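Before any comments, here is the structure.
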Amino acid sequence: MDQNEKKKAVAHAALKYVEQDSIVGVGTGSTVNYFIDALAEIKHKIEGAVSSSTASTERMKKLGIEVFDLNSVDQLSVYIDGADEVTEHKHMIKGGGAALTQEKIVAAVAKKFVCIVDDSKRVGVLGKFPLPVEVIPMARSYVAREMVKLGGDPAYREGVITDNGNVILDVHNLEILDPRELEQKINNIAGVVTNGIFAMRGADVVLSATDKGVETIE
Ligand code: 5RP
1 MDQNEKKKAV AHAALKYVEQ DSIVGVGTGS TVNYFIDALA EIKHKIEGAV SSSTASTERM
61 KKLGIEVFDL NSVDQLSVYI DGADEVTEHK HMIKGGGAAL TQEKIVAAVA KKFVCIVDDS
121 KRVGVLGKFP LPVEVIPMAR SYVAREMVKL GGDPAYREGV ITDNGNVILD VHNLEILDPR
181 ELEQKINNIA GVVTNGIFAM RGADVVLSAT DKGVETIE
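See the structure below:
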């Protein structure tokens, strides 16, 4: 199986976590795009979705899936999203698609977070993938200097403005041995909106597509 076939397989496998007549939390990215396509096939069985990005909202609306504002929904049974890296402890790096803040918000509301990846995303230790940090524009240089103090090597993702009007620093060369501690530390820097470590609220289930099929890590 090539990587796209794996993404498609794992996206379909996630459908079993979607409850009848529910509102589904939907992430962002190429793996999630396959999930949205699969969700559209069963759209008559759900009430609709809450989206984590403009890109996912547009795709769902085009396919006839109703998209609700998170403020009008008090609970989500499940949130389905991809990741850039995921460990056996179900900690993740996310934000390759710059949607990390809204992803973290929707994930916080959901009862269950189902992470869908192909096996290239599985790692022992987080940090090979540059850590995305969403930053208020005026704080960019300050936050970059703070990230250097934490041992990272920040790069400004030029030309990218997030759905919230902010910028992204991609922090290279971090070896993230304590993801929960670093997630909180970075979020405490003035000007940081959030960072792409998802450890405080990690995944509950990881579905990982391999050549042999979809593996479930619970
Ligand atoms: C977007 C994300 C995505 O989930 C992550 O980048 C993985 O994307 P893909 O499925 O395209 O590899 O966090 O902000």
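Okay, so the sequence shown: first residue is 1 according to this note's numbering, each after it adds one. Just so you know, even glycine gets a beta-carbon here, dropped at the ideal spot from N, CA and C. Since the structure is predicted, the reported quantities are computational estimates derived from the model, not experimental observations.
Between the C-alpha atoms of Glu183 and Ala144, what's the straight-line distance to the nearest angstrom? Straight through space, the alpha carbons of Ala144 and Glu183 are spaced by roughly 16 Å.
Compare the C-alpha of Lys121 against each of Ser77, Asn195, Thr210 and Val193 and name the closest. Taking only the C-alpha atoms, the option nearest Lys121 is Thr210.
Own chain, CB closer than 6 Å to Met1, minus 5 neighbours either side, in chain order: Non-local C-beta neighbours of Met1 in its own chain, meaning closer than 6 Å and more than five positions away in sequence, comprise Asp211, ordered along the chain.
Mind checking who Thr216 pairs with in its DSSP beta bridge? BP columns for Thr216 point to Leu207.
Enumerated in chain order, which unbroken segments of the alpha helix (DSSP H) with a length of 4 residues or greater are wholly contained in the stretch 41-122? 54-62 and 100-109, all fully within the stretch 41-122.
Would Leu177 be called buried (16 or more neighbouring beta carbons within 10 Å of its own) or exposed? By the 16-neighbour rule on beta-carbons within 10 angstroms, Leu177 is exposed.
Starting from the Cα of Asp204, find the closest Cα among Asn71, Met92, Met60 and Val24 and give me that residue. Ranking Asn71, Met92, Met60 and Val24 by CA distance to the CA of Asp204 puts Met92 first.
Simplified DSSP state of Asp37, which is helix, strand or coil: Residue state, collapsed to three classes: helix.
Helix or strand or just coil, what does DSSP make of Ala155? Correct three-state label for Ala155: strand.
Assign Asn195 to one of three DSSP states: helix, strand, or coil. Residue state, collapsed to three classes: strand.
Taking 8 Å as the cut-off, is the CB of Gly159 close to at least one heavy atom of ligand 1? Gly159: no, Cβ never under 8 Å from ligand 1.
Count the other CB atoms within 10 Å of the CB of Ile125; is the residue buried (16 or more) or exposed (fewer)? Note that residue 125 is Val in the sequence shown here, rather than Ile. Here Val125 is exposed. Its C-beta has fewer than 16 other C-beta atoms within 10 Å.
The stretch 26-37 touching the stretch 59-69, judged by at least three CB pairs closer than 8 Å: Output reads yes: the stretch 59-69 touches the stretch 26-37.
Which whole-angstrom value describes the C-beta separation of Glu85 and Ile217, a residue pair presumed to lie in contact below a C-beta threshold of 8 Å? The beta-carbon distance between Glu85 and Ile217, rounded to whole angstroms, is 14 Å. This is too long to meet the 8 Å contact definition.
Distance cut-off 8 Å: Asp81 Cβ against heavy atoms of ligand 1: Asp81 Cβ: within cutoff of ligand 1.
Take Lys45 and list the residues in its own chain whose beta-carbon comes closer than 7 Å to its own, dropping the five residues that flank it on each side. For Lys45, where only same-chain residues beyond five positions count, the Cβ hits under 7 Å are Gln20.
DSSP on Ile23, reduced to helix/strand/coil? Three-state DSSP puts Ile23 in a strand.
Pro179 in three-state terms, based on DSSP: In the structure shown, Pro179 sits in a helix (DSSP, three-state: H, G or I).
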